[in-house]
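K.L.:
Quick one: the structure is below, and I'll ask about it shortly.
There are 2 protein chains.
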Amino acid sequence: MSSPLVSYSDLVSATAHDVRAAIRTGAYSGHTAGLAAGKLQCNLAILPERYALDFLRFCQRNPKPCPLVGVGDTGNPMLPTLGADIDIRTDVPKYRVFRDGTLSDEVTDITPVWADDLVTVALGCSFTFENALLRHNIPVRHIEDAKNVPMFRSSIALSPAGPFGGQMVVTMRPIPLAQIDQARAISAKFPQAHGAPIAIGDPHAIGITDLSQPDWGDAVDIKDGEIPVFWACGVTPQNVLLDAGLPVCITHSPGHMLIADVAEDAETTILNHD
Amino acid sequence: MSSPLVSYSDLVSATAHDVRAAIRTGAYSGHTAGLAAGKLQCNLAILPERYALDFLRFCQRNPKPCPLVGVGDTGNPMLPTLGADIDIRTDVPKYRVFRDGTLSDEVTDITPVWADDLVTVALGCSFTFENALLRHNIPVRHIEDAKNVPMFRSSIALSPAGPFGGQMVVTMRPIPLAQIDQARAISAKFPQAHGAPIAIGDPHAIGITDLSQPDWGDAVDIKDGEIPVFWACGVTPQNVLLDAGLPVCITHSPGHMLIADVAEDAETTILNHD
């Protein structure tokens, strides 16, 4: 890389465009939580065109785990509806490349893997509603404790499409009983970011046996007076893609998201070029 | 038809399922405005699979005129995410069949036209937010006057996808100045039904020269103290489909919508089968 490396703290006040520029040059390859405050961050799924129609149907049928916020043209790495000059081959800090359902590589640039038949799908992410919860002084335990959010395979059936289906992955955040209604109302305002909780209270009701043993991420404490609240999780589509065993698919690495120019509270996720 | 014909007034208190049943048997083929109160009504676009990926991309990129609420499997006429036992071949009161971009037929049953490569796309419709405006005592002039809503070709560019693009069609409703903020806030709550207005006030700003000459529907009076308010219109995708000159595509006839079992104020447009 010709550019000097930059640290997370160098980017804390940078615009979305400037963060992407630092990522593109290779100067930054870290996580994106808290960067470009107020801008939509996105989960990423890149897959061959022959699977794209079924995958879009799958996302449409499962809008809480898979909120569609952007779709690229086949073979075109640019995403003009999400931001100016976004090149999906270089503008995400870290990618995972899967072949036949198995992790093949973790890289910071997918230019060598890009192909004329690939379609980019961007999906909303939980950072959006977590930021809103924090602004309203609702605690987000894994952020307080500097951990990854705990994620669990649930028994909630997804609505299938083609080779895509299975069960929903959910995140859990302990919320004080008195703030649950407020947390529900706040997150419901962000349908592009998983929306309202999918379940509140009893984990067994959605097939989770032990909250201290998440399937991904870290366990967090549930304090006296707090209730476990479950939201649909963006790991769901990644899992579903893996289970489908596509010859190739590419996702972001956890926490290393695409940062869009779209405001996270905009009416739609389509950038207004006016 | 073996079943006796039923009239609009016979169906005013019927459930969505019962209205669809009357339509399916051929007993009812009229408009659906005001039927199955509280249930989502849908614009319809049926097209060959080879155009479906681009059309879904087009809808994703233009969510205000084209709010995606349901997508069928290729060749499968059932739409389980929108309602129990919906058969799209028979459950809409009237259809328009287009061939090579020209109206070929208007029919009440598309079973003879259905084919293994067809994909059904359902899009939200303005009835949803009009009902909400009326509940809040905001006048809806064309309903007061028993007319069709006035529709205009605007100069607002659509975000293209494949063969689909052009300019947005908009509807116009005169709203008293004092109620405009409320009308905006109410309609913004229904992103699955065109959402907030796309323009307020000057028609010339969006390329409309004469409000007394709508391109479709009927002109309506604008009274003293009222401002023309423009919303994205579901005729947009129909126009775009026609302009693309597909060998075959099928839409509903204006006002003759698919009635879903989904509540029009549900968090998502996916029926909860729990």
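Chains A and B are the protein sequences, given in the same order.
Note that our numbering has the first sequence beginning at -9, numbered continuously upward.
Note that our numbering has the second sequence beginning at -9, numbered continuously upward.
Idealized CB from N, CA, C, for every residue including glycine.
All figures in this text were calculated on a predicted structure; none of them were measured in a lab.
Would Leu69(B) and Ala4(B) qualify as a contact pair, given that the criterion is a beta-carbon distance under 8 angstroms?
P.N.:
Reading the second sequence from its first residue, position 79 is the one you call residue 69(B). Reading the second sequence from its first residue, position 14 is the one you call residue 4(B). In this structure, Ala4(B) does not lie closer than 8 angstroms to Leu69(B) by Cβ.
K.L.:
Please name the residue, chosen from Leu201(A), Gln182(A), Val59(A) and Val9(A), that lies closest to Thr80(A) on a Cα-to-Cα basis.
P.N.:
If you number the first sequence from 1, residue 80(A) lands on position 90. Per the Cα distances, Val9(A).
K.L.:
Cα-Cα, which of Thr15(A), Gln182(A), Gln31(A) and Leu37(A) is closest to Gly65(A)?
P.N.:
Counted from its first residue, the first sequence places residue 65(A) at position 75. Ranking Thr15(A), Gln182(A), Gln31(A) and Leu37(A) by Cα distance to Gly65(A) puts Leu37(A) first.
K.L.:
For Leu72(B), decide whether its Cβ has a neighbour in chain A, counting only Cβ atoms nearer than 8 angstroms.
P.N.:
Here residue 72(B) corresponds to residue number 82 of the second sequence, with the count starting at 1. No - not a single Cβ of chain A is within 8 angstroms of the one on Leu72(B).
K.L.:
Which chain A residues sit within Cβ distance under 9 angstroms of Gly185(B)?
P.N.:
If you number the second sequence from 1, residue 185(B) lands on position 195. Within 9 angstroms Cβ-Cβ: Glu257 and Thr258.
K.L.:
What are the start and end residues of each continuous beta strand (DSSP E) run of 3 or more residues lying completely inside the segment 202 to 241 of chain A, in chain order?
P.N.:
Within the segment 202 to 241 of chain A, the complete beta strand (DSSP E) runs of at least 3 residues are 216 to 222.
K.L.:
Under a three-way DSSP split, which group does Leu167(B) fall into?
P.N.:
Taking the first residue of the second sequence as position 1, residue 167(B) is located at position 177. Three-state DSSP puts Leu167(B) in a helix.
K.L.:
Please go through the same chain and pick out, in chain order, the residues whose beta-carbon is closer than 6 angstroms to the beta-carbon of Asn52(A), but skip the five residues on each side of it.
P.N.:
The residue labelled residue 52(A) in the question sits at position 62 within the first sequence. If we look at Asn52(A) and ignore the five residues flanking it on each side, its Cβ neighbours are Leu148 and Ser149.
K.L.:
Is Arg51(B) close to chain A, meaning its C-beta is less than 8 angstroms from at least one C-beta of that chain?
P.N.:
Position 61 of the second sequence, counted from the start, is the residue given in the question as residue 51(B). So, interface residue.
K.L.:
Would you verify that the beta carbon of Ser202(B) is, or is not, closer than 8 angstroms to some beta carbon of chain A?
P.N.:
Counting from 1 along the second sequence, the entry for residue 202(B) is found at position 212. Chain A contact via Cβ: absent.
K.L.:
Under 8 angstroms, Cβ to Cβ, is there at least one residue of chain A near Val238(B)?
P.N.:
Residue numbering aside, residue 238(B) sits at position 248 when the second sequence is read from its first letter. Chain A, which has no Cβ nearer than 8 angstroms to the Cβ of Val238(B), makes this no.
K.L.:
Going by beta carbon distance, what residues of the same chain come within less than 7 angstroms of Leu(-5)(A), once the five residues before and after it are set aside?
P.N.:
As a first step, residue -5(A) is located in the first sequence; it is residue number 5 there, counting from the start. Once the five neighbours on either side are set aside, the close Cβ partners of Leu(-5)(A) are Ala17.
K.L.:
Alpha carbon to alpha carbon, how far is Gly207(A) from Ile165(A)?
P.N.:
Taking the first sequence and counting its residues from 1, the one referred to as residue 207(A) is at position 217. Taking the first sequence and counting its residues from 1, the one referred to as residue 165(A) is at position 175. The straight-line gap from Cα to Cα measures roughly 18 angstroms.
K.L.:
Quick test of your reading: Thr118(A) and Ala183(A), contact by CB under 8 angstroms. State the CB separation rounded to the nearest angstrom.
P.N.:
Looking up residue 118(A) in the first sequence gives position 128. Looking up residue 183(A) in the first sequence gives position 193. Right, the Cβ-Cβ distance comes to about 4 angstroms (below 8 angstroms), so this counts as a contact.
K.L.:
Leaving out five residues on either side along the sequence, give the residues of the same chain with a beta carbon under 6 angstroms from the beta carbon of Ala122(B).
P.N.:
Mapped onto the second sequence, residue 122(B) falls at position 132. Around Ala122(B): Ile176.
K.L.:
Based on the DSSP secondary-structure assignment, which residues constitute the bridge partners of Lys29(B)?
P.N.:
What you label residue 29(B) is simply residue 39 of the second sequence in a count that begins at 1. The partner list for Lys29(B) (beta bridge, DSSP) reads Ala253(B).
K.L.:
So for Val109(A), helix, strand or coil by DSSP?
P.N.:
The residue given as residue 109(A) occupies position 119 in the first sequence. Reduced to three states, the DSSP call for Val109(A) is strand.
K.L.:
Check the DSSP bridge columns for Pro38(A) and list the partner residues they point to.
P.N.:
Here the question's residue 38(A) lines up with position 48 in the first sequence. Its beta-bridge partners are Leu108(A).
K.L.:
State the Cα-Cα distance for the pair Thr101(A) and His21(A), rounded to the nearest angstrom.
P.N.:
Your numbering for residue 101(A) matches position 111 in the first sequence. Your numbering for residue 21(A) matches position 31 in the first sequence. Thr101(A) and His21(A): Cα-Cα distance of roughly 20 angstroms.
K.L.:
So the candidates are Ser145(B), Ala26(B), His7(B) and Thr15(B); which of them puts its Cα closest to the Cα of Ser(-1)(B)?
P.N.:
Here residue -1(B) corresponds to residue number 9 of the second sequence, with the count starting at 1. Checked all of Ser145(B), Ala26(B), His7(B) and Thr15(B); the closest Cα to Ser(-1)(B) is Ala26(B).
K.L.:
Specify, as a first and last residue, the run of the beta strand (DSSP E) that Leu93(B) falls within.
P.N.:
Mapped onto the second sequence, residue 93(B) falls at position 103. Counting along the chain, the beta strand (DSSP E) containing Leu93(B) begins and ends at Thr92 to Val97.
K.L.:
Check whether the segment 137 to 148 of chain A and the segment 202 to 218 of chain A touch, using three or more Cβ-Cβ pairs below 8 angstroms as the test.
P.N.:
In short, these stretches touch, since the Cβ pair count reaches three.
K.L.:
Would you tell me roughly how many angstroms separate the C-alpha atoms of Phe45(B) and Lys213(A), rounded to the nearest one?
P.N.:
On the second sequence, residue 45(B) is found 55 positions in, with the first residue counted as 1. On the first sequence, residue 213(A) is found 223 positions in, with the first residue counted as 1. Near 49 angstroms, if we compare the C-alpha coordinates of Lys213(A) and Phe45(B).
K.L.:
Does the Cβ of Ser116(A) have 16 or more other Cβ atoms within 10 Å, making it buried, or fewer, making it exposed?
P.N.:
Counting from one through the first sequence, the residue named residue 116(A) turns up at place 126. When all chains shown are included, Ser116(A) counts as buried.
K.L.:
Looking only at its chain, what residues have a beta carbon closer than 8 angstroms to the beta carbon of Ala231(B), apart from the 5 residues adjacent to it on each side?
P.N.:
Residue numbering aside, residue 231(B) sits at position 241 when the second sequence is read from its first letter. The sequence given here places Leu at residue 231(B); Ala does not occur at that position. Within the same chain, Leu231(B) has close Cβ partners Ala35, Leu37, Phe45, Phe88, Phe154, Cys239 and Thr241.
K.L.:
Quick one: is Ala195(A) buried, meaning 16 or more other Cβ sit within 10 Å of its Cβ, or exposed?
P.N.:
Numbered from its first residue, the first sequence carries residue 195(A) at position 205. It is exposed - the Cβ of Ala195(A) has fewer than 16 other Cβ atoms within 10 Å.
K.L.:
Looking at chain E, is there any beta carbon in it that lies within less than 8 angstroms of the beta carbon of Arg47(B)?
P.N.:
In the structure shown, chain E cannot be found, because the protein chains are A and B.
K.L.:
From Leu248(B) to Ile133(A), what distance separates their C-alpha atoms?
P.N.:
Here the question's residue 248(B) lines up with position 258 in the second sequence. Here the question's residue 133(A) lines up with position 143 in the first sequence. One C-alpha to the other measures close to 45 angstroms.
K.L.:
Where does Tyr18(B) sit, in a helix, a strand or coil, going by DSSP?
P.N.:
Residue numbering aside, residue 18(B) sits at position 28 when the second sequence is read from its first letter. Note: Tyr18(B) maps to coil in three-state DSSP.
K.L.:
Taking 8 angstroms as the CB-CB limit, is Ser19(A) close to chain B?
P.N.:
Here the question's residue 19(A) lines up with position 29 in the first sequence. Chain B, which has no Cβ nearer than 8 angstroms to the Cβ of Ser19(A), makes this no.
K.L.:
For Met(-9)(A), does the three-state DSSP call read helix, strand or coil?
P.N.:
Numbered from its first residue, the first sequence carries residue -9(A) at position 1. Below a pLDDT of 50, predicted positions are generally treated as unreliable, and Met(-9)(A), at 47, falls in that range; the measurement from the model is reported next regardless. Three-state DSSP puts Met(-9)(A) in coil, outside helix and strand.
K.L.:
Report the neighbours of Lys54(A) on chain B: residues whose CB is nearer than 9 angstroms to its CB, in chain order.
P.N.:
By one-based count along the first sequence, residue 54(A) stands at place 64. Those are Glu257, Thr258 and Ile260, listed as they occur along chain B.
K.L.:
Under 8 angstroms between the Cβ atoms of Gln50(B) and Leu30(A)?
P.N.:
Numbered from 1 along the second sequence, position 60 holds the residue referred to as residue 50(B). Numbered from 1 along the first sequence, position 40 holds the residue referred to as residue 30(A). The answer is no: Cβ separation not under 8 angstroms.
K.L.:
When you compare the CB of Leu281(A) with every CB in chain B, is at least one pair closer than 8 angstroms?
P.N.:
Lying outside -9 to 264, the shown extent of chain A, residue 281(A) is not represented and no answer is given.
K.L.:
Buried or exposed: where does Val61(A) fall if 16 or more other Cβ atoms within 10 Å of its Cβ makes it buried?
P.N.:
On the first sequence, position 71 is the one that residue 61(A) refers to. Buried, because 16 or more other Cβ atoms sit within 10 Å of the Cβ of Val61(A).
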